[in-house]
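A quick write-up on the structure given underneath.
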Amino acid sequence: MTESWIRLSENQGKNIQKHDIIMLHHELLEYRLMKQGLSYSEAHKETDKKYNYYEALKQWQIERGDL
Numbered sequence: 005m006t007e008s009w010i011r012l013s014e015n016q017g018k019n020i021q022k023h024d025i026i027m028l029h030h031e032l033l034e035y036r037l038m039k040q041g042l043s044y045s046e047a048h049k050e051t052d053k054k055y056n057y058y059e060a061l062k063q064w065q066i067e068r069g070d071l
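The sequence shown maps to residues 5 to 71 in our numbering.
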């Protein structure tokens, strides 16, 4: 996640990856669900159904040849 935040904060966003954007959507939806009363684990589980950051990251790593 740290590397995603670094890419997102870089000047002009030249290196932003798809999973970086998924992470932002994930965090926002998770926050909104928790504001509605869900626990962190419930919100995380529901959010992963739509915005699964770790699966997107894993796919990117496979495509790069890291896994």
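Note that beta-carbon positions come from the ideal geometry of N, C-alpha and C, so glycine has one too.
If we count the other Cβ atoms within 10 Å of its Cβ and call it buried at 16 or more, is T51 buried or exposed?
A residue is called buried when at least 16 other Cβ atoms come within 10 angstroms of its Cβ; T51 meets this threshold and is buried.
At which residues does the alpha helix (DSSP H) containing S8 begin and terminate?
It spans 6 to 13 - the alpha helix (DSSP H) in which S8 sits, taken as one unbroken run.
Within its chain, find whatever has a CB closer than 8 Å to the CB of Q65; leave out the 5 residues flanking it on each side and keep chain order.
Closer than 8 Å at the Cβ level, and outside the excluded window around Q65, lie L71.
Taking the alpha-carbon positions, what's the L33 to Y58 distance?
Their Cα atoms are separated by approximately 15 Å.
Does the Cβ-Cβ distance between S8 and M38 come in under 8 Å?
Taking 8 Å as the cut-off, the beta carbon of S8 is found no closer than this to the beta carbon of M38.
With a threshold of 16 other CB atoms inside 10 Å of the CB of H30, please say whether the residue is buried or exposed.
Label assigned to H30: buried.
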